[in-house]
Amino acid sequence: MTTAREWIEQIEARRAQIREALTPEAWRTFEARYFTLTDALTAGDDPEQVAGQLRQLVMEFPAVARLLEHGNLAPSPPSTESPLSAPSGGQTMTPSTPAPQPAPAEPSSRGFKTEDFIQIFKEAVTALIAILLVWTTISLVRALLGTIGDASRFTQAKDILSMMTGLLGVVLGYYFGRIPAEARAAQAQEQAAQAIQKGEQAMAQSKRMGERAGELAELASQLASQMQAAPAPRAQSDVSQALQAWAAGAEELRRMAREH
Numbered sequence: 001m002t003t004a005r006e007w008i009e010q011i012e013a014r015r016a017q018i019r020e021a022l023t024p025e026a027w028r029t030f031e032a033r034y035f036t037l038t039d040a041l042t043a044g045d046d047p048e049q050v051a052g053q054l055r056q057l058v059m060e061f062p063a064v065a066r067l068l069e070h071g072n073l074a075p076s077p078p079s080t081e082s083p084l085s086a087p088s089g090g091q092t093m094t095p096s097t098p099a100p101q102p103a104p105a106e107p108s109s110r111g112f113k114t115e116d117f118i119q120i121f122k123e124a125v126t127a128l129i130a131i132l133l134v135w136t137t138i139s140l141v142r143a144l145l146g147t148i149g150d151a152s153r154f155t156q157a158k159d160i161l162s163m164m165t166g167l168l169g170v171v172l173g174y175y176f177g178r179i180p181a182e183a184r185a186a187q188a189q190e191q192a193a194q195a196i197q198k199g200e201q202a203m204a205q206s207k208r209m210g211e212r213a214g215e216l217a218e219l220a221s222q223l224a225s226q227m228q229a230a231p232a233p234r235a236q237s238d239v240s241q242a243l244q245a246w247a248a249g250a251e252e253l254r255r256m257a258r259e260h
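Spelled out as structure tokens, the structure:
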């Protein structure tokens, strides 16, 4: 079910189109009833009841209903009219644009470079040396078994086998130690990228909140001046519209603060 806030957003987004679709008399009637309902919502009336009355108002004007129905199926063109007018001579509230989201990282499509070939060559040489060391160590063990009866040959073979065993341990330690190190490095790089992305989003959100707060403060100052200077009939209409703009901006700022 469409809420009262959603009805208001749809109507404000297509305000210029609605005015063009209706006759001048129908537009004045629609606008007067619409402002009455938005004032009631601002005053604290039941949002569900106001939403039903807004829906009934839209259905009473087929041209408006067609515009809103079309707008729900396709994006509406940008309106040339401000969503809510501030007091005469004051600044209009401009709709805030959503915070820019960082573009997702795309996989690199580059081909092999010199560094890639060098890395492949290094890995191949290292693997070949490891295979030779393992094969040599196994051969020495087999040869050592044949020198058990000869003390001098057994001592020489044992010394060579001790050296090869040390080299073999270095190679095995390199391979088994590099795998978890690379995994930890990849995990740290991913966490750093996520932290940078969250920091950029937080900075953009904070900037938007600051700009929105400044707009609301300026509008409140202009509203106070308008209430003191404008004639009563004109001031009531302008102040009503300005209060609606201020309430919508405050609600948006509160939502942004919750998301932040």
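Position 14, counted from 1, in the sequence shown is what UniProt numbering calls 14; the numbers after and before it change by one each time, with no gaps. We put the beta carbon where it would ideally sit given N, CA and C, even for glycine.
DSSP places Lys122 in the uninterrupted alpha helix (DSSP H) bounded by 114-145. Bounds of the alpha helix (DSSP H) holding Gly52 are 47-59. In chain order, Arg153, Phe154, Ala157 place their CB closer than 6 angstroms to the CB of Thr147, counting only its own chain and leaving out the 5 sequence neighbours on each side. Gly210 carries a helical assignment under DSSP once its states are collapsed to helix, strand and coil.
Taking the Cα positions, Leu54 is about 18 angstroms away from Ala16. Here the alpha carbons of Thr38 and Glu252 stand approximately 16 angstroms from one another. Non-local beta-carbon contacts of Ala130 in its own chain, meaning distances under 6 angstroms to residues more than five positions away in sequence, involve Val171 in chain order.
Of Thr114, Leu167, Pro62, Ala204, the smallest CA-CA separation from Val134 is found for Leu167. Of the candidates Asp116, Val50, Thr2, Gly173, Val50 places its Cα closest to the Cα of Tyr34. Leu172 sits in a helix when the DSSP states are folded into three classes. Ranked by how close their Cα comes to the Cα of Ser162, the residues Thr136, Pro180, Ala185, Gln187 have Thr136 in first place. C-alpha of Glu25 to C-alpha of Glu31: approximately 10 angstroms in a straight line. Residue state for Gly44 is assigned as coil, using DSSP reduced to three classes. Assigned with DSSP and collapsed to three states, Arg14 falls in coil, not helix or strand. Thr29 and Arg66 have their C-alpha atoms some 18 angstroms from each other. In this structure, the beta-carbon distance from Leu216 to Ala195 does not fall below 8 angstroms. Contact between Pro47 and Ala4 holds, with the beta-carbon distance rounding to 5 angstroms and staying under 8 angstroms. DSSP places Thr3 in the coil class of the three-state scheme, outside both helix and strand.
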